[in-house]
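Take any residue in the sequence shown, note its place counting from 1, add 3, and you have its number in the numbering used here.
Glycine residues also receive a C-beta, built at the ideal position from the N, C-alpha and C atoms.
Owing to the predicted nature of the structure, the values given are computational and were not obtained by experimental measurement.
Here the structure is laid out as structure tokens; the discussion comes afterwards.
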Amino acid sequence: MDEGQTDTLTGDILVIDDTAHVRLLLSQMLVAQGHEVRVAESGAQALEMTVAAVPDLILLDIMMPEMDGYEVCRRLKENPLTGNIPIIFISALDQTADKIKAFTVGGVDYVTKPFQPKEVLARVATHLSMRALQKQLAVQLEQLQARNEELDAFSRAVARDLKVPLTSIIGFADMLRTIHTTMDGEQVEESLRAIASNGRKMNKIIDDLLMLSGLRQTDQVEVRPLDTAVIVDKTLRSLSDLIAEYQAEVIRPDTWPAALGQPQWVEAVWQHYISDAIEYGGRPPRVELGAIVEDEDTVRFWVRDNGPGLKDEEQANLLGASRQRGDSSGSARERGLGLFVVRRIMETLGRKASVESTGEEGTVFSFTLKRVV
């Protein structure tokens, strides 16, 4: 269904009538208005044609041999593929009972013969507009449902990611309150370090939430040439405690392809990818960083871990708000807010984040940026 230069919707219309001159007249009228028109001489032919290519609207005669218009309409409405097609009856039958029956079997309108061309065209335009609005509403409803599902998953991810460090903080605080007199200085110091570490994790989650809020409010994105080496160095310094804790090996190239981006956002992507590769990789973690020029417009940056890999269904859904991935011990470990942030950043930049895995060993997380030529 298209919108022509006169702002009038045009569509694919099927004319069903056993009378040749009626088919010709309706076809000429509709084609003159920019519509695509197909014709059927019988109900059986019409049913075959609608299944082969679903029209936007049907003009249907009632009095036809073998299968009348009522039966054709009933069968179309029973088929999920054709049930939503608007059907306008055009018939010489002008009794109230005939019209009621037409509406009862699923017709949306009724025009009596002999008809006025302007009336037919006006009714066609009305129902094409209504059909277009219905389709638009259906798309918006589907998008709204998807957003609601995403919001539910996002809320669970945030709650889970905050609950884990918060539970740890409460546990260590309760322990210090109740048994601190029996703890030596090293035990107290270890507990305080754990509280501080978990506090930093919660602070990072809050930073992510603030970044997401900023992404939603961003109308125009200003990108500039990036110094990827500097950004990666800064990211690794910020993750130095995590790298030391897991005794991770991080391998990176000496040079990087030039690309455009928003430095703070790209740094956040690197931070989430690298920390994720360390926490969910092998033991000890071995994390490789790299980049490749895909084409004259695109650079793909990537992070590869040495973990157990992902199944196809896990890869398909991983870059969402709440997904799971197996760790090196074989148990399910959940990925939360971080990869959701990555996906949102890439969407805002008009680029892509992706994941690849053989399902056996290692996973590669990547993102693309515009290349600087």
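Spatial neighbours of residue i in its chain, beta-carbon cut-off 7 Å, leaving aside the 5 residues before and after
i: residue 272; result: 345, 348 and 370
i: residue 243; result: none
i: residue 324; result: With a pLDDT of only 42 at residue 324, under the threshold of 50, the placement of this residue in the model should not be trusted, and no figure is reported.
i: residue 270; result: 234, 237 and 238
i: residue 196; result: none
i: residue 284; result: 290, 308, 309 and 310
i: residue 375; result: 228, 261, 262 and 263
i: residue 357; result: 369
Simplified DSSP assignment, three categories, for residue i
i: residue 312; result: coil
i: residue 84; result: coil
i: residue 329; result: Because the pLDDT at residue 329 is just 42, under 50, the model does not fix this residue reliably, and the value given afterwards should be weighed accordingly. Residue 329 falls in the strand class under three-state DSSP.
i: residue 373; result: strand
i: residue 257; result: coil
i: residue 17; result: strand
i: residue 341; result: helix
i: residue 366; result: strand
i: residue 356; result: strand
i: residue 269; result: helix
i: residue 39; result: strand
i: residue 58; result: coil
i: residue 188; result: helix
i: residue 264; result: strand
i: residue 384; result: For residue 384 there is no data in the structure shown, the boundaries of the chain being 4 and 376.
i: residue 140; result: helix
i: residue 361; result: coil
i: residue 109; result: coil
i: residue 242; result: coil
i: residue 53; result: helix
i: residue 98; result: coil
i: residue 220; result: coil
i: residue 31; result: helix
i: residue 122; result: helix
i: residue 299; result: coil
Supposed contact pair residue j and residue i - C-beta distance, whole angstroms, cut 8 Å
i: residue 340; j: residue 281; result: Not quite, the Cβ-Cβ distance comes to about 17 Å (not below 8 Å), so this is no contact.
i: residue 62; j: residue 93; result: 5 Å
i: residue 88; j: residue 60; result: 7 Å
i: residue 171; j: residue 201; result: 5 Å
i: residue 16; j: residue 39; result: 7 Å
i: residue 79; j: residue 86; result: 7 Å
i: residue 190; j: residue 241; result: Contact doesn't hold; Cβ gap of about 28 Å is too wide.
i: residue 66; j: residue 96; result: 7 Å
i: residue 352; j: residue 167; result: Incorrect: roughly 30 Å between the Cβ atoms, too far for contact.
i: residue 208; j: residue 164; result: 5 Å
Cutoff 6 Å; reference residue i; Cβ partners in own chain excluding five residues on either side
i: residue 291; result: 254 and 307
i: residue 359; result: 367
i: residue 364; result: 312
i: residue 105; result: 92 and 113
i: residue 53; result: 85
i: residue 108; result: 73, 76 and 77
i: residue 120; result: 32
i: residue 211; result: 340 and 344
i: residue 268; result: 348
Cβ neighbours of residue i in the same chain (closer than 8 Å, five flanking residues each side left out)
i: residue 176; result: 198
i: residue 256; result: 292, 293 and 294
i: residue 373; result: 226, 262, 263, 264, 300, 301, 302 and 354
i: residue 232; result: 258 and 259
i: residue 33; result: 16, 18, 40, 124 and 127
i: residue 110; result: 63, 76, 90, 91 and 92
i: residue 287; result: 249, 250, 251 and 252
i: residue 277; result: 238, 239, 242, 253, 290, 292 and 306
i: residue 26; result: 18, 20, 42 and 44
Opposing strand residues paired with residue i [DSSP bridges]
i: residue 93; result: 114
i: residue 383; result: Missing from the structure shown is residue 383; the chain here goes from 4 to 376 and no further.
i: residue 47; result: DSSP, once it has assigned bridges, lists no residue as partnering residue 47.
i: residue 282; result: Answer by DSSP bridge pairing: none, since residue 282 is not bridged.
i: residue 252; result: 289
i: residue 68; result: According to DSSP, residue 68 bridges with nothing at all.
i: residue 227; result: 264
i: residue 63; result: 19 and 92
Would you call the region 44 to 54 and the region 136 to 144 in contact, with 3 or more CB pairs under 8 Å? In short, these stretches do not touch, since the Cβ pair count stays below three.
Touching or not, the region 284 to 298 and the region 256 to 274, by the rule of three or more beta carbon pairs under 8 Å? By the Cβ criterion, the region 284 to 298 is in contact with the region 256 to 274, since at least three pairs of Cβ atoms, one from each stretch, lie closer than 8 Å.
Any contact between the region 214 to 222 and the region 180 to 192? By contact I mean 3 or more CB pairs, one from each, below 8 Å. The region 214 to 222, when compared against the region 180 to 192, does not touch it at the 8 Å Cβ threshold.
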